[in-house]
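Every number in this note's numbering is 61 more than the matching position in the sequence shown, counting from 1.
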Amino acid sequence: MTHITSDAPTGTRTPSAIDALAERYVTDLLALHPDTATELGFPGRETEYTDFSPAGARTDDERNARLLEELAALEPQDETDRVTKAAMQERIGLEREIHATGRTELNNIASPAQGIRAVFDLMPTDTAEQWGHIAGRLENLPAALRAYTESLLASRDAGHVAAVRQVDIVVEQARAHGAAGGFFPG
Numbered sequence: 062m063t064h065i066t067s068d069a070p071t072g073t074r075t076p077s078a079i080d081a082l083a084e085r086y087v088t089d090l091l092a093l094h095p096d097t098a099t100e101l102g103f104p105g106r107e108t109e110y111t112d113f114s115p116a117g118a119r120t121d122d123e124r125n126a127r128l129l130e131e132l133a134a135l136e137p138q139d140e141t142d143r144v145t146k147a148a149m150q151e152r153i154g155l156e157r158e159i160h161a162t163g164r165t166e167l168n169n170i171a172s173p174a175q176g177i178r179a180v181f182d183l184m185p186t187d188t189a190e191q192w193g194h195i196a197g198r199l200e201n202l203p204a205a206l207r208a209y210t211e212s213l214l215a216s217r218d219a220g221h222v223a224a225v226r227q228v229d230i231v232v233e234q235a236r237a238h239g240a241a242g243g244f245f246p247g
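Rendered as structure tokens:
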């Protein structure tokens, strides 16, 4: 993987243990979330999806718990480390808090229902190979939707459901994308 952190504005900065953990966090994130890799422009997993199932969410949460534990044991070496550590603790901690609610997001703007489809907007379409990636991801679409449905059902069983209005809008969005002349018009 390409080194993600950059040199400090005033010159070269030797990467710290916190930098290494941040790099590993991103590497792990891209491995567990192929659609995020596409969003960020990292090639290699163009036909795959994130595991949207409850098991996938648990895997993310377990990874986040380990990362926070490791991060807590690291001492910042400079201001960059302090900012990195604080940002990671806040973001990863928030991810864990959201996971602990047992809710699976469903809304009309930013939930897996939109992300599963929106990743296609970011995929290049200039070559036969690129269209092959799109075809491969389309082949994996039913499994991604099944995994997401499994999480929605688990969320429902735990007493967490989206507002009917949100569900209705997402259903209409899905119908529009799947209709003749929808997302991939002939």
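From the three backbone atoms N, C-alpha and C, an ideal C-beta is built for every residue, glycine too.
Just verifying my parser: in three-state terms, what is the DSSP assignment at residue i?
i    : result
P115 : helix
F181 : helix
P173 : helix
P95  : helix
H221 : coil
A189 : helix
S212 : helix
G197 : helix
Y110 : coil
M62  : The predicted model places M62 with a pLDDT of 48, which falls under 50 and marks its position as unreliable; any figure quoted below should be read in that light. Note: M62 maps to coil in three-state DSSP.
R124 : helix
G135 : Note that residue 135 corresponds to Leu in the displayed sequence, not to Gly. In the structure shown, L135 sits in coil (DSSP, three-state: anything other than H, G, I, E or B).
R129 : For the sequence presented, residue 129 should be read as Leu rather than Arg. It is helical.
T165 : coil
R207 : helix
A88  : The sequence as given places Thr at residue 88; Ala does not occur at that position. Three-state DSSP puts T88 in a helix.
Among the options, which residue has its Cα nearest to the Cα of residue i?
i    : options                : result
R127 : T141, D89, D142        : D89
E166 : A81, A215, A78         : A215
F113 : L93, L129, H238, E200  : L93
F103 : V87, P115, A118        : V87
T145 : G163, A219, A78        : A78
T108 : G117, P115, A116, A98  : A98
D96  : E84, M184, A83, Y110   : Y110
I159 : N125, V180, N169       : N125
L26  : M184, I195, R119       : The question about residue 26 has no answer here: the residues shown for the chain are numbered 62 through 247.
A208 : G193, I177, I230, E233 : I177
R152 : W192, R164, A134, L129 : L129
For the alpha helix (DSSP H) that contains residue i, what are its first and last residues?
i    : result
V231 : 225 to 239
L155 : 140 to 161
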